[in-house]
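All residue numbers for the sequence shown refer to the working numbering, where the first residue is 1 and numbers rise by one. Structure first, commentary second.
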Amino acid sequence: MEVKSTFKAYFQILETPTVQVVLLGGGFLLLMLFETMGVLTPFDTQLHGALSQYPLAEWQQDILRDATAMGSNSVLLFIAFVAALGLKFQGYTKQASTLVFAVIAGLALTFALKYGISRGRPPLAQHQVDVYTQSFPSAHAMMSTIVYFYIARLFAKSTTQISVKIWVYMVAGLLTFFVGISRVFLGVHWPTDVLAGWLGGGAFVAFCFYILKWQRKLRIRHQ
1 MEVKSTFKAY FQILETPTVQ VVLLGGGFLL LMLFETMGVL TPFDTQLHGA LSQYPLAEWQ
61 QDILRDATAM GSNSVLLFIA FVAALGLKFQ GYTKQASTLV FAVIAGLALT FALKYGISRG
121 RPPLAQHQVD VYTQSFPSAH AMMSTIVYFY IARLFAKSTT QISVKIWVYM VAGLLTFFVG
181 ISRVFLGVHW PTDVLAGWLG GGAFVAFCFY ILKWQRKLRI RHQ
């Protein structure tokens, strides 16, 4: 019983938006710093080279393309639009508008970072899908994290059962994991591009919920 209480306490701490912004945002900033310093290149090159030695079968490529499609801008924008519309009709206007803000601002930030850092993609001959922008961070990884974890967090906040919260986060985690991993195996991203996308997207979601929390406190204070 004591172990369960301790686990619940730690889980609640980790679920705090401020803690998440610091941890995830700090990790993202470190990766970005290391990338600009060229520290990540040897690791990425070695891992990418190791994966390239095992060519994918056609059916494996099809599965990976399906996974990567779940992180495409068109799919994520559609999911975010439906979710925001549903939230609006249910009376959760602030959550809906914050989701819209998260998606638009997330896209703007992602592509600003891509062009600002301007990291090249892995060798073109290994690409299994078309790409048009720079590599760092992975937009698929970052935007899928923002959309899926924003929705997951709303579901998690609607229940007090830790087991339900864990399952909800696991589903969102698996979705974003497969989207990110597919980008590496399809040869269009370095591994740390994807890791940076996960960390940056997670920090951005936490920041959005920090805003909602701050707005709620401000509203209560003025009542």
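All residues carry an ideal CB built from backbone N, CA and C; glycine is no exception.
Within 10 angstroms of its Cβ, does residue i collect 16 or more other Cβ (buried), or is it exposed?
i	result
G213	The sequence shown places Lys at residue 213, not Gly. By the 10 Å Cβ count, K213 comes out exposed.
P191	buried
T176	buried
L85	exposed
P55	exposed
G38	exposed
E58	exposed
A96	buried
L31	buried
L24	buried
P42	exposed
L64	buried
Counting only C-beta atoms, is residue i closer than 8 Å to chain B at any point?
i	result
S163	Here chain B cannot be found, since the structure has a single protein chain.
By the three-class DSSP mapping on this structure, what secondary structure does residue i have?
i	result
R119	coil
H189	coil
F155	helix
F81	helix
P42	helix
M142	helix
L56	coil
M37	helix
T160	coil
T90	The residue you asked about is not Thr; residue 90 is Gln in the sequence shown. Three-state DSSP puts Q90 in coil, outside helix and strand.
Measuring alpha carbon to alpha carbon, tell me which of the options ends up nearest residue i.
i	options	result
D62	K114, V21, F185	F185
D44	A203, A196, I151, G200	A196
L77	F155, G116, Y148, Q134	Y148
G116	T98, L33, V39, C208	L33
S182	A139, K157, Q134, F204	A139
F209	V168, T98, V171, P122	T98
P123	S52, L40, I162	S52
S158	G25, V22, Y92, T36	Y92
Distance check for residue j and residue i, CA to CA, integer angstroms please.
i	j	result
L29	M142	14 Å
S74	A67	14 Å
F178	V82	22 Å
W167	A156	9 Å
K94	V171	24 Å
S163	D193	31 Å
L87	Y150	12 Å
H48	Q161	41 Å
A50	L40	16 Å
V22	K114	22 Å
Are the Cβ atoms of residue i and residue j separated by less than 8 Å?
i	j	result
G202	Q20	yes
V103	A69	no
R119	F136	yes
F207	G106	no
L199	G71	no
F111	T145	no
For the ligand ADP, I want to know if residue i counts as a neighbour, meaning its beta carbon is within less than 7 Å of at least one of the ligand's heavy atoms.
i	result
I63	In the structure on display, the ligand ADP does not appear, and there are no ligands present to speak of.
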